[in-house]
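**Student:** One line per chain: the protein sequences are A and B, in this order. This note's numbering applies: residue -5 is where the first sequence begins, and numbers increase by one. This note's numbering applies: residue -5 is where the second sequence begins, and numbers increase by one. Every residue, glycine too, gets a C-beta built ideally from N, C-alpha and C. Values in this document were obtained by computation on a predicted structure and should not be read as measured data.
Number of protein chains: 2
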Amino acid sequence: MSATKILLPDHELPTHWYNVVPDLPSAPAPYLGGDGEPVSAEQMGAIFPPGILEQEMSSERWIAIPEAVREALALWRPTPLYRARRLEERLGTPAQIWFKYEGVSPAGSHKPNSAVPQAWYNHVAGVRRLATETGAGQWGSSLALAGQLFGLDVRVFMVRVSYEQKPFRRSMMELWGSEVIPSPSELTEAGRRALTEDPDNPGSLGLAISEAVEEAAGRSDTNYALGSVLNHVLLHQTVIGQETKRQLALAGVQPDTVFAPCGGGCNVGGMMFPFVADKAAGSRVRLVACEPASCPTLTRGRYTYDWGDSIGLTPMMKMYTLGHDFMPPGIHAGGLRYHGDSPLVSQLVHEGVIEAVALPQLETFRAGQLIAQTTGIIPAPESAHAAAAAVAEAERCREQGTEKTLLFTLSGHGHFDMAAYDRYLAGELEDFEYSQAAVDAALGRLPHADGR
Amino acid sequence: MSATKILLPDHELPTHWYNVVPDLPSAPAPYLGGDGEPVSAEQMGAIFPPGILEQEMSSERWIAIPEAVREALALWRPTPLYRARRLEERLGTPAQIWFKYEGVSPAGSHKPNSAVPQAWYNHVAGVRRLATETGAGQWGSSLALAGQLFGLDVRVFMVRVSYEQKPFRRSMMELWGSEVIPSPSELTEAGRRALTEDPDNPGSLGLAISEAVEEAAGRSDTNYALGSVLNHVLLHQTVIGQETKRQLALAGVQPDTVFAPCGGGCNVGGMMFPFVADKAAGSRVRLVACEPASCPTLTRGRYTYDWGDSIGLTPMMKMYTLGHDFMPPGIHAGGLRYHGDSPLVSQLVHEGVIEAVALPQLETFRAGQLIAQTTGIIPAPESAHAAAAAVAEAERCREQGTEKTLLFTLSGHGHFDMAAYDRYLAGELEDFEYSQAAVDAALGRLPHADGR
């Protein structure tokens, strides 16, 4: 029987995180405060613990993973690497298609890879309580789990429309012991202001971030945790790419092209950063970030300074952006509806190390069903973006008769996204028109629209 | 780092199924037809393919697993064996607690272990179409997946109340390419009769079985597939126990007590049959079937001949039963709401090889939350029965200071059962009163209530 999947034993879980900063072609641009000056560690220390801050600013290539974090990650890691043989047969392609499956984590995605160390570094800093935000619940459920593992109380501000329409990730967070608050709430100034303006405010991720940050900044017992974008989050995710490289070596193959879904960038960083050093050393592997055509930050946005949230509470970061007040359409891949992108990923795209491609919604659901029918695994709509790009490349290989080895990250399962698949099967899903004019307008409202 | 889980590579997937029949203390009682005579293979051949019939009747100890079946099972098997260290710590018990996790299958439970070979044996017999029934959807989704893998059309009669209230397993079946029909339907005589009597009939598993069997019996292109109870289903599930024994050997431990949830008996057979031969050879391992206190077939039922379905369409089988028209209360562990039990499991309980214990609903949900908080994995309510029995035993070990090794089957995840956990967290769940009088009445309606 030829191998369908490559597993690694617990002790092969990586011992270090890989920091891409020393392997970047040029130094990263600093985060800027409201005064236009680089943000200090002290300023960020109001909401982050020392261990996390150190990683955010580090230029060390390898950072040791604490044993307690490795033991918690071993609840589900190392994750399996699959060869999608039935998909190859269905497509009639000479390409090999491999995927790394992160949906085996308890929360069903790659997000706990960073939630666990973030909870642990807060725990060792004596912090007893975390505040965070969540949209549909992927990140919130991951932090709820991590908080439970290290005895921290977690309050999750969940976008109200998701809180009401998608109750099951809320149940998951509560089962793991967290408190879930629909946002906007009466608990914060930002929430109260929003409710005063509109008592039926359905909430937004930007507003939920504002509530969580306000609470963390205002309470000495509470810190904040973010699920993507920042350097330390991408650092934590590099266990994905490291394991994958080891598994591919065991299978005796090298990838020609690597695909990962891209919203805030933590999947791209997690899978691709460990390949960046190889490229610097001469490897010709192609690294392709896969984003939604309706929120095409990397392919249609501008590389400039912008805020990380929608109302300007965070520092400004140099990144690809569609403008912080650009409102992406309501695609089902909620985790990819972000106006900006990780500064590290943005820099690597800008410097030509990582490519980007944008995929329309219907194509991603078609690929999702194809994956479900050939591997059994139902991908989350976010993950289906990378699958769709890999399928398209495998079809090009068929047309051209080339035997490439393709690799993608299947970052999570779609067990809590079945309503979206229902709509797809019923023919009710649509592709969204993208408006460059709307993006240009949003970018025109930036204070530093000079490309600085 | 001490191991949290024991994995096996693809090639260690068992090569044979283990048939417990030759290791039974006495020969199994035959299935009986309406005439009181043993049912022939020819009669069963109207709805089952030859490969399955042969296994149903076999007294060979080892039956080879076809390579195509092993390759399909390798999409998720071998499954992991976990040591629940955080649970041990939380309970403060000197016991070791291990569990075999079957929730990694695409359908989220152990059910595909039999759906895959059933689809394959039908495929090689030239059958193009299968009919089956499903309650909440665990078995229907497993057969939908298996049908997709081998190119069979699958029609699933889904109990109407589940079809309407639990749409996401229906979506799963449709995504995998199956047709899902709410039962009762206008497509069968049984369905039309039920709808004539009550146009708002919410359906029942017994009625859905009748519809699926009627369709398979009446169409030459269509066979029937059952997800539990019968010998061949339990045979297919023995990959669970075989893998577990290999994994425990790698960990260097022997179990003292083994727990599995029990509805139709396929989890019990799957995990425990491979230990039955050991017991015959002198092993003192205890094997404990875990059933709901509100549907206590093994602990309070009678060992006698009864029908497998609720309206008497199937052959009669000698088994523990609460009476085929006993209606169990609406507990959330829908997979355990069955009036009877596998004849093989029943015989082993009757002969004292397997023990049985009954657990109240609230205790199982408490155990489910404990498992979720310490391992991350949210158990299906069915699986939580075995977990609850293991937790109770671990607590006895703490009180008595005994260092036992406990093992249970975590047969599936609860991602599609979050509404039940919601009700548990809101304090809305209840234990159900069990009425021996109702069972005695149901048993009194049996034609062979003489214990034959």
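Cutting at 8 Å between CB atoms, please list the residues of its own chain near isoleucine 325(B), excluding the five before and the five after it.
**Tutor:** Within the same chain, isoleucine 325(B) has close Cβ partners Pro286, Ser288, Cys289, Arg331, Gln355, Pro375 and Phe426.
**Student:** Going by the CB atoms, is the gap between glycine 329(A) and glycine 263(A) shorter than 7 Å?
**Tutor:** No, these two residues do not count as a Cβ contact at 7 Å.
**Student:** So, does the segment 130 to 144 of chain B touch the segment 167 to 181 of chain B, judging by three or more C-beta pairs under 8 Å?
**Tutor:** Touching, per the Cβ criterion.
**Student:** If you measure beta-carbon to beta-carbon, which residues of the segment 39 to 72 of chain A are closer than 8 Å to chain B?
**Tutor:** Listed in sequence order: Glu61, Arg64, Glu65, Ala68, Leu69 and Trp70.
**Student:** Would you say alanine 415(A) lies against chain B (beta-carbon separation less than 7 Å)?
**Tutor:** The residue you asked about is not alanine; residue 415(A) is tyrosine in the sequence shown. By this cut-off, tyrosine 415(A) is an interface position.
**Student:** Would you verify that the beta carbon of histidine 344(B) is, or is not, closer than 7 Å to some beta carbon of chain A?
**Tutor:** No, histidine 344(B) does not count as interfacial toward chain A.
**Student:** Quick one: using the 10 Å Cβ neighbour count with 16 as the cut-off for buried, is proline 531(B) buried or exposed?
**Tutor:** No information on residue 531(B) is available, as it lies outside the stretch -5 to 446 that chain B covers here.
**Student:** Closest to valine 63(B) by C-alpha separation, out of Val118(B), Ala138(B) and Arg84(B), would be which residue?
**Tutor:** If we check each option's Cα against that of valine 63(B), Val118(B) comes out closest.
**Student:** Just mark aspartate 335(A) as buried or exposed, buried being the case when its beta carbon has 16 or more other beta carbons within 10 Å.
**Tutor:** Aspartate 335(A) is buried by the Cβ-count criterion.
**Student:** Only counting runs of 3 or more residues, tell me where the beta strand (DSSP E) segments fall wholly within the segment 217 to 269 of chain A, in order along the chain.
**Tutor:** Counting whole runs of 3 or more residues, the segment 217 to 269 of chain A contains the beta strand (DSSP E) stretches 251 to 255.
**Student:** Return the first residue and the last residue of the alpha helix (DSSP H) that glutamate 50(B) is part of.
**Tutor:** From DSSP, the alpha helix (DSSP H) with glutamate 50(B) extends over 44 to 51.
**Student:** Apart from the five residues just before and just after glutamine 367(B), which ones in its own chain have a Cβ nearer than 8 Å to its Cβ?
**Tutor:** Answer for glutamine 367(B): Arg84, listed in chain order.
**Student:** Would you call the CB atoms of lysine 94(A) and threonine 399(A) closer than 7 Å?
**Tutor:** The answer is no: Cβ separation not under 7 Å.
**Student:** Here's the rule I'm using: 16 or more other beta-carbon atoms within 10 Å means buried, otherwise exposed. How should aspartate 4(A) be labelled?
**Tutor:** Buried.
**Student:** Is the CB of leucine 139(B) under 7 Å away from at least one CB in chain A?
**Tutor:** It does: the Cβ of leucine 139(B) has a partner Cβ on chain A nearer than 7 Å.
**Student:** Give a yes or no on whether 7 Å exceeds the smallest Cβ distance from glutamine 363(B) to chain A.
**Tutor:** Yes, because at least one Cβ of chain A sits closer than 7 Å to the Cβ of glutamine 363(B).
**Student:** Would you call aspartate 444(A) buried or exposed, if buried means 16 or more other Cβ atoms sit within 10 Å of its Cβ?
**Tutor:** Per-residue confidence for aspartate 444(A) stands at a pLDDT of 48, beneath the threshold of 50, marking its modelled position as unreliable; the derived number appears in the next sentence. Burial call: exposed.
**Student:** With three or more C-beta pairs closer than 8 Å as the rule, is the segment 144 to 158 of chain B touching the segment 184 to 198 of chain B?
**Tutor:** As far as the Cβ criterion goes, the segment 184 to 198 of chain B touches the segment 144 to 158 of chain B, which means the pair count is three or higher.
**Student:** Report the neighbours of leucine 81(B) on chain A: residues whose CB is nearer than 7 Å to its CB, in chain order.
**Tutor:** Going along chain A, no residue has its Cβ under 7 Å from leucine 81(B), so there is no contact; the nearest lies around 11 Å.
**Student:** Which residue's Cα is closest to the Cα of arginine 278(A): Glu349(A), Trp114(A) and His226(A)?
**Tutor:** Closest option to arginine 278(A), Cα to Cα, is Glu349(A).
**Student:** For valine 153(B), which beta-bridge partners are listed by DSSP?
**Tutor:** DSSP output for valine 153(B) lists Ser177(B) as bridge partner(s).
**Student:** What are the residues of the segment 128 to 160 of chain B that lie near chain A, defined by any Cβ-Cβ distance shorter than 9 Å?
**Tutor:** Cβ contacts with chain A: Leu139, Gln142 and Leu143.
**Student:** Closer than 7 Å, CB to CB, is proline 373(B) near chain A or not?
**Tutor:** Output row for proline 373(B): interface = no.
**Student:** If we count Cβ pairs, one from each stretch, closer than 8 Å, do we get three or more for the segment 377 to 391 of chain A versus the segment 247 to 254 of chain A?
**Tutor:** Yes: the two stretches touch, three or more of their Cβ pairs being nearer than 8 Å.
**Student:** Using only the alpha-carbon positions, how far apart do threonine 358(B) and leucine 69(A) sit?
**Tutor:** Looking at the two C-alpha atoms, the distance is approximately 22 Å.
**Student:** I'd like to know whether the C-beta atoms of valine 270(A) and aspartate 17(A) end up nearer to each other than 7 Å.
**Tutor:** In this structure, aspartate 17(A) lies closer than 7 Å to valine 270(A) by Cβ.
**Student:** With 7 Å as the threshold, decide whether the Cβ of proline 100(A) is near any Cβ in chain B.
**Tutor:** Yes, because at least one Cβ of chain B sits closer than 7 Å to the Cβ of proline 100(A).
**Student:** Can you check the segment 56 to 137 of chain B for any alpha helix (DSSP H) of at least 4 residues that lies completely inside it and give the ranges in chain order?
**Tutor:** Those alpha helix (DSSP H) runs which fall completely within the segment 56 to 137 of chain B and span 4+ residues are 61 to 67, 79 to 85 and 106 to 118.
**Student:** From arginine 446(B) to lysine 239(B), what does the alpha carbon distance come to, in whole angstroms?
**Tutor:** With a pLDDT of only 42 at arginine 446(B), under 50, the local geometry of the prediction cannot be trusted, and the value read off the model is given with reservation. Cα to Cα, arginine 446(B) sits roughly 36 Å from lysine 239(B).
**Student:** Give me the chain B residues within the contact set of threonine 519(A), using Cβ-Cβ distance strictly less than 8 Å, ordered along the chain.
**Tutor:** Absent from the structure is residue 519(A), since the part of chain A shown begins at -5 and ends at 446.
**Student:** Closer than 9 Å, Cβ to Cβ, to anything on chain A: give me those residues from the segment 2 to 20 of chain B, in chain order.
**Tutor:** Answer in chain order: Leu2, Pro3, Asp4, His5 and Leu7.
**Student:** If the cut is a Cβ gap below 7 Å, which residues of chain B does tryptophan 170(A) touch?
**Tutor:** The answer, in chain order, is Ala366 and Gln367.
**Student:** Does the segment 113 to 130 of chain B come close enough to the segment 205 to 219 of chain B to have 3 or more Cβ pairs within less than 8 Å?
**Tutor:** As far as the Cβ criterion goes, the segment 113 to 130 of chain B touches the segment 205 to 219 of chain B, which means the pair count is three or higher.
**Student:** Using a C-beta cutoff of 7 Å, does histidine 409(A) count as contacting chain B?
**Tutor:** Yes, histidine 409(A) counts as interfacial toward chain B.
**Student:** So with CB distances below 8 Å, who are the chain A contacts of threonine -2(B)?
**Tutor:** Asp4, Glu65, Ala68 and Leu69, listed in chain order.
**Student:** Of all the options Glu424(A), Met412(A) and Ala380(A), which has the alpha carbon lying nearest to the alpha carbon of leucine 401(A)?
**Tutor:** Answer by Cα proximity: Ala380(A).
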